[in-house]
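Using UniProt numbering, the letters of the sequence shown correspond one by one to residues 1 to 314.
Yeah, the Cβ is synthetic: ideal placement off N, Cα and C, and Gly gets one too.
Here the structure is laid out as structure tokens; the discussion comes afterwards.
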Amino acid sequence: MRADRLVAALLLMQARGRVTAAELAGKLEVSVATARRDLEALSAAGLPVYPQPGRGGGWSLLGGARTDLSGLTEHEAQALFLLAGPAAPDAPELRSALRKLLRALPQTFRDEAEAAAGAVVVDPARWGEPDRERPELVRVLQRATVRRRRVRLVYQGRRGSEPTGRLVDPWGLVDKDDVWYLLAGTERGQRTFRVDRITAAEVTDEEFERPDDFELSRAWAGVVEEMERRRSTVSATVLISARLLPILRDHFGRHFESLGETEDGRVRARVAAPMALTIAEQLAGWGARVEVEEPQEVRDELARIGAELVERNS
């Protein structure tokens with residue numbers, strides 16, 4: 001987890017005063033390139049982390065080796081604890097790191113930093129659902145990602161297809177609405193795997209190097225953009241009453257666009273989904289309160305659904 005590595009890098013610089021990218025890579029079991037990117041990220045984020053070139057150089061906190069991390073401002077310390085605090089109850093290593101970091105902070109920062117760590121609780125379970133726990137497979141893949149070890153997967157495709165074996169380089173994991181995805185390098189390039197479709201995973205002793213230009217957040221943004229494009233291949237223009245506007249906006253999310261009011265006080269909007277049938281199914285329950293202007297295929301699907309309901313319930 002990158003947040004863990006950034007905290008560890010700060011602690012290491014606090015303890016040693018100066019550290020090279022190679023030394024940090026050895027401690028964190030990552031590549032030198034990854035360690036250098038982490039150090040640059042700390043500096044770019046505004047933390048007082050600076051490189052010192054030349055023989056005997058490295059990266060250090062402003063002011064050199066000290067017994068505290070007073071290079072962190074009060075707001076930076078609070079931001080760090082707000083970010084890491086919600087994950088700490090389920091991560092003993094992170095709890096330990098936060099305790100060490102708390103002791104390293106100046107006394108004037110400690111109370112509010114400690115309060116920040118407990119200011120947010122993340123409860124991923126919906127009302128009425130049992131508590132959700134992070135799948136053990138996620139932890140296995142996380143360790144393989146950090147240690148840069150290839151993984152042999154057995155992956156269940158969609159629509160009941162036969163499971164297939166894959167040898168992948170785990171580049172990063174993403175938790176989207178409590179569904180986990182693995183972004184990995186394969187012989188065919190970058191691929192995305194739903195973790196709940198992985199039926200087996202064996203971590204091998206083979207090492208790999210993640211591409212230097214790979215950034216997980218940017219790569220995931222590309223995956224999201226492509227998936228949302230596929231989810232909105234069919235659009236429809238509808239007329240609705242103004243009071244339905246927030247309901248349909250919430251229902252269709254980013255695939256809803258308000259086009260303004262009409263002369264009769266209704267609202268014209270555009271909605272999108274993968275298929276005309278999907279749009280019709282989501283609009284059918286509103287009856288006459290929704291009028292589809294176009295396309296005709298959505299109107300036809302609505303008419304078919306209406307005829308089926310009349311036949312079944314007459």
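Legend entry - Distance, R188 Cα to Y155 Cα: To locate residue 155, count along the sequence shown from 1; it is residue 155. To locate residue 188, count along the sequence shown from 1; it is residue 188. If you take the alpha carbons of Y155 and R188, they lie about 16 Å apart.
Inset, instruction - Specify whether the stretch 159 to 167 and the stretch 208 to 215 touch according to this definition: at least 3 beta carbon pairs, one from each stretch, less than 8 Å apart. - result: no
Inset, instruction - Please check the pair L183 and Q190, which I expect to be a contact at CB under 8 Å, by giving their CB distance rounded to whole angstroms. - result: Position 183 of the sequence shown, counted from the start, is the residue given in the question as residue 183. Position 190 of the sequence shown, counted from the start, is the residue given in the question as residue 190. Rounded, the Cβ-Cβ distance is 7 Å, consistent with contact.
Legend entry - Assigned secondary structure, G26 (DSSP; H/G/I helix, E/B strand, else coil): As a working note, residue 26 is residue 26 in the sequence shown. Note: G26 maps to helix in three-state DSSP.
Inset, instruction - Kindly indicate which three-state DSSP category R191 falls into: helix, strand or coil? - result: Position 191 of the sequence shown holds residue 191. It is a strand residue.
Inset, instruction - Apply the 10 Å Cβ neighbour rule to W180 and answer buried if 16 or more other Cβ atoms are within range, or exposed otherwise. - result: Counting from 1 along the sequence shown, the entry for residue 180 is found at position 180. Buried, because 16 or more other Cβ atoms sit within 10 Å of the Cβ of W180.
Legend entry - Cutoff 8 Å; reference L42; Cβ partners in own chain excluding five residues on either side: By 1-based counting over the sequence shown, the position of residue 42 is 42. The residues are L6, A9, L10 and V49.
Legend entry - Exposed unless 16 or more other CB atoms sit within 10 angstroms - verdict on W127: The sequence position of residue 127 within the sequence shown is 127, counting from 1. Exposed is the call here.
Inset, instruction - Closer than 6 Å by C-beta to A97: which residues in its own chain qualify, once you throw out the five before and the five after it? Chain order, please. - result: As a working mapping, residue 97 is identified with position 97 in the sequence shown. Correct list, in chain order: V7.
Legend entry - Segment contact, 8 Å Cβ cut-off, at least three pairs: the stretch 231 to 243 with the stretch 263 to 271: Taking 8 Å as the limit for Cβ pairs, the verdict is that the stretch 263 to 271 does touch the stretch 231 to 243.
Legend entry - the stretch 220 to 227 / the stretch 257 to 268 touching (three or more Cβ pairs under 8 Å): no
Inset, instruction - Please determine if the stretch 190 to 210 and the stretch 16 to 28 are in contact, where contact requires at least 3 C-beta pairs separated by less than 8 Å. - result: no
Inset, instruction - For L137, I'd like the list of residues in its chain whose CB is within less than 7 Å of its CB, leaving aside the five on either flank, ordered along the chain. - result: The sequence position of residue 137 within the sequence shown is 137, counting from 1. V195, I198 and A201.
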